[in-house]
Amino acid sequence: MTTEYLLRSVAPLGGEPVDVLLADGVVAAIGPDAGSRAGADVTEIDGTGLVLLPGLVDLHTHLREPGREDAETVLSGTRAAALGGFTAVHAMANTTPTQDTAGVVEQVWRLGRDAGWVDVHPVGAVSVGLEGEHLAELGAMAGSAARVRVFSDDGRCVHDPVLMRRALEYTKAFDGVVAQHAQEPRLTAGAQMHEGVVSAEIGLAGWPAVAEEAIVARDVLLAEHVGARLHVCHLSTAGSVEIIRWAKSRGIAVTAEVTPHHLYLTDELVRGYDPVFKVNPPLRTAADVEAVREGLADGTIDIVATDHAPHPREDKDCEWAAAAFGMTGLETALSVVQETMVDTGRMTWADVARVLSTTPAEIGRVADQGRPVAVGEPANLTLVDPSARRTVVPEEQGTASVNSPFRGRELPGAVVATFLRGRATVLDGIPQDDADGSQRAAGRARLA
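Terminal number for the sequence shown in this note's numbering: 522, no gaps in between.
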């Protein structure tokens, strides 16, 4: 029997409190009559002071499986995603073997389906083995059971303009999108951090902003020429924001994402040589952070994507030069957006739904995610307590890795509940283990 949930006095998109009934996998009723339409065994949740959002959708997640299960698995990564309020993630292609064939993307898709925490949409590689030489099986992946629509060599740039043009032309045929990791490799050889005052003072090789901006500029022109969709991954510089703004003014079909860490952290943190702050693209200057916040607020940057990049301890607990690039982010993304954008007055909760749910689902062509909180819509939902405060302890998170750059920071907001097609994956902030076919009874403090 499917469990019904009656959310009492919740605020959809931060608006006026209403009662919301979830039944048979959809939003069954909204308003004063919601309770009267509930069955006898309905589970009630006191939503006083809570914000109801459509389930979050991440366009940029590294789940590491297959190949690096020591860092993360589809099971652990999607569990972390549910705890962060996500109901769908796009799993990036840099696995071992690479997600460059129909067989591998279908494997990842099935692992996500079996895990059951969120919907997993594999991202197909643009090139075979991410080597940037030959196009991968884009059409076969698009036609597979995984129905891939996003393609990326993330972690590596598609630096050959001819290959990038061909990828744009090919994906246009089935309404796909190429998601580019914008990094000119010859300008970033040996780079360890952002090139600027801090890198000069502490003696680390710099990653110049122009290495990102040159690829962004090239690719928006290629997208215009081909008439195809382009998505720019983890945009990080003020110059890139201006290029995207110019491209959109010309009607070019380009979208862009910013990560939570590029919204919040700066290269000043690298002065301590703590590898937890080593990421690609690198943390930039305070001026860049201000520019990407402004770009997100005015719609130039379309979405927030986590670039969740888990690593085992030995890959981060070492000297800076030997450490891996990347940070975890699924369980802190919403809090960072609240602190940097909502609590500062730059965005509303409706805007949060747009950049963390609706638009990512549109870019990824995921039809049943990012839907409005409305009667008849799929009950993929997230219930958030914006008044909560929490200190980040990576060892207490759901992800298998602990390389969070927010360790020890107090962040606002907490995910109280997450629903995937009406099934609670998280209640009272606790994941609901459904392996035995019944919801776990823990975490019912808010339940009536």
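Ideal Cβ placement from N, Cα and C applies to all residues, glycine included.
For residue i, collect the residues of the same chain with a Cβ closer than 6 Å to its Cβ; drop the 5 residues on either side in sequence, then sort them by chain order.
i: residue 86; result: 126 and 447
i: residue 510; result: Below a pLDDT of 50, predicted positions are generally treated as unreliable, and residue 510, at 38, falls in that range; the measurement from the model is reported next regardless. None.
i: residue 155; result: 163, 192 and 404
i: residue 83; result: 91, 121 and 122
i: residue 435; result: 131, 443 and 444
i: residue 147; result: 139
Taking the alpha-carbon of residue i as reference, which of the options has the nearest alpha-carbon?
i: residue 320; options: 334, 339, 346 and 293; result: 293
i: residue 437; options: 236, 506, 331 and 463; result: 331
i: residue 489; options: 311, 451, 409 and 237; result: 409
i: residue 404; options: 388, 471 and 387; result: 471
i: residue 334; options: 217, 162 and 382; result: 382
i: residue 25; options: 100, 115, 119 and 99; result: The shown model of the chain, from 75 to 522, leaves out residue 25, and the question about it has no answer.
i: residue 121; options: 220, 95 and 194; result: 95
i: residue 481; options: 453, 339, 416 and 236; result: 339
i: residue 218; options: 201, 179, 379 and 248; result: 179
i: residue 433; options: 265, 314, 153 and 376; result: 376
i: residue 256; options: 271, 264, 235 and 484; result: 235
i: residue 477; options: 349, 158 and 249; result: 349
i: residue 106; options: 274, 182 and 81; result: 81
i: residue 303; options: 251, 322 and 337; result: 251
i: residue 299; options: 281, 269 and 242; result: 242
i: residue 271; options: 380, 417, 184 and 343; result: 343
i: residue 401; options: 451, 418 and 479; result: 479
i: residue 337; options: 380, 297 and 101; result: 380
i: residue 374; options: 309, 416, 237 and 196; result: 309
i: residue 245; options: 356, 503 and 199; result: 199
Using DSSP bridges, identify the partner residues of residue i.
i: residue 338; result: DSSP, once it has assigned bridges, lists no residue as partnering residue 338.
i: residue 86; result: 126
i: residue 207; result: Paired residues: none, contrary to the question.
i: residue 491; result: 457 and 501
i: residue 351; result: Answer is none; residue 351 lacks a bridge partner.
i: residue 484; result: 465
i: residue 103; result: 95
i: residue 225; result: 198 and 252
i: residue 165; result: 135 and 196
i: residue 160; result: 130
i: residue 452; result: 100
i: residue 268; result: 281
Write down the C-beta distance between residue i and residue j rounded to the nearest angstrom, noting that I regard them as a contact closer than 8 Å.
i: residue 394; j: residue 347; result: 5 Å
i: residue 384; j: residue 138; result: 6 Å
i: residue 494; j: residue 192; result: 6 Å
i: residue 103; j: residue 363; result: In fact, because the Cβ distance is near 43 Å, the residues do not count as touching under 8 Å.
i: residue 358; j: residue 311; result: 6 Å
i: residue 591; j: residue 152; result: What is shown of the chain runs 75 to 522, which leaves residue 591 out entirely.
i: residue 131; j: residue 444; result: 5 Å
i: residue 215; j: residue 224; result: With a Cβ gap of about 10 Å, residue 215 and residue 224 do not count as contacting.
i: residue 328; j: residue 306; result: 7 Å
i: residue 354; j: residue 399; result: 4 Å
i: residue 500; j: residue 157; result: 6 Å
i: residue 265; j: residue 277; result: The pair is not a contact, with the Cβ atoms about 13 Å apart (cut-off 8 Å).
i: residue 406; j: residue 485; result: 6 Å
Excluding the 5 residues flanking residue i on each side, which residues of the same chain have their C-beta closer than 7 Å to its C-beta?
i: residue 317; result: 287, 290, 291 and 294
i: residue 211; result: 174, 175 and 176
i: residue 365; result: 312 and 315
i: residue 259; result: 231 and 233
Could you check where the alpha helix (DSSP H) with residue i kicks off and where it finishes?
i: residue 326; result: Note, residue 326: premise wrong, no alpha helix (DSSP H); not H, not E.
i: residue 299; result: 283-300
i: residue 369; result: 360-371
i: residue 434; result: 433-437
i: residue 410; result: 407-411
i: residue 235; result: 235-246
i: residue 184; result: 176-189
i: residue 381; result: Looking at the DSSP string, residue 381 is not in any alpha helix (DSSP H), and its letter there is neither H nor E.
i: residue 216; result: 212-216
i: residue 424; result: 423-427
Might you give, ordered along the chain, the residues of its own chain that have their beta carbon closer than 8 Å to the beta carbon of residue i, omitting 5 neighbours on each side?
i: residue 113; result: 78 and 97
i: residue 145; result: 138, 384, 385, 386, 389, 474 and 475
i: residue 204; result: 167, 168, 172, 174, 227, 229 and 230
i: residue 524; result: The requested residue 524 does not occur in the structure, where the chain is confined to residues 75 to 522.
What are the boundary residues of the beta strand (DSSP E) that residue i is part of?
i: residue 119; result: 117-120
i: residue 94; result: 92-97
i: residue 306; result: 304-306
Would you say the beta carbon of residue i comes nearer than 8 Å to a heavy atom of the ligand GTP?
i: residue 440; result: In the structure on display, the ligand GTP does not appear, and there are no ligands present to speak of.
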